[in-house]
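Chemist: Residue numbers (this note's numbering): 2 to 123.
Yeah, the Cβ is synthetic: ideal placement off N, Cα and C, and Gly gets one too.
Nothing here was measured: the structure is a model prediction, and the numbers come from that model.
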Amino acid sequence: MPATELKDLILSCPENELFTVDPTGNITGIITFADAKHKILDPEIDMSLLVSQLSDFPAGVRHEEDDLDRALSLFQSTDLPILSVVESLKSMKLIGVVRHRYAILSYNRVLIHARRQESGEN
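(1) Going by C-alpha to C-alpha distance, which of LEU112, GLY121, ARG102, ASN27 sits closest to LYS94?
(2) What does the Cβ neighbour count give for GLU66, buried or exposed, with the cut at 16 atoms within 10 Å?
(3) ARG63 and VAL111: beta carbons closer than 8 Å?
(4) Quick check on LEU7: does DSSP put it in helix, strand or coil?
(5) Along the beta strand (DSSP E) that carries GLU18, what are the first and last residues, could you check?
(6) Could you give the residue range of the beta strand (DSSP E) that holds THR33?
(7) Taking 7 Å as the limit between beta carbons, can you name the residues of its chain near LYS8, skipping five residues before and five after?
(8) If the criterion is Cβ atoms closer than 8 Å, does the pair LEU73 and TYR108 meet it?
(9) Does the beta-carbon of ILE105 have 16 or more other beta-carbons within 10 angstroms, so that it is buried, or is it exposed?
(10) In the DSSP assignment, the alpha helix (DSSP H) including LEU73 goes from what residue to what residue?
(11) At what residues does the beta strand (DSSP E) containing LEU95 begin and finish?
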């Protein structure tokens, strides 16, 4: 992808992270706006940068069979805002993401539901 196209994509993205994948869908990295902005917004920087020069391998990778507790543990230990979800740790095929804020909302829903059941509410 040309750097100018990548710049437009990053600037128009409602989120602060973009995952990169190879042609078979295997995760190859993550580009965060915080890390990339100085490179893509500086007019003095060569815009022939490759995506691989802007991306880092994501620290937070979860397997699709992992439960919410495992995801929350990784969020707590890494302070990451997002985790990639892969089909298997061997293939690293990206199948989705888990955002910290949505994991917390899901956890809270489970707690509220459990409390209602304990108190006899429906």
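Modeler: Once the coordinates are examined:
(1) ASN27
(2) exposed
(3) no
(4) helix
(5) 18-22
(6) 28-33
(7) ILE41
(8) yes
(9) exposed
(10) 69-79
(11) 95-100
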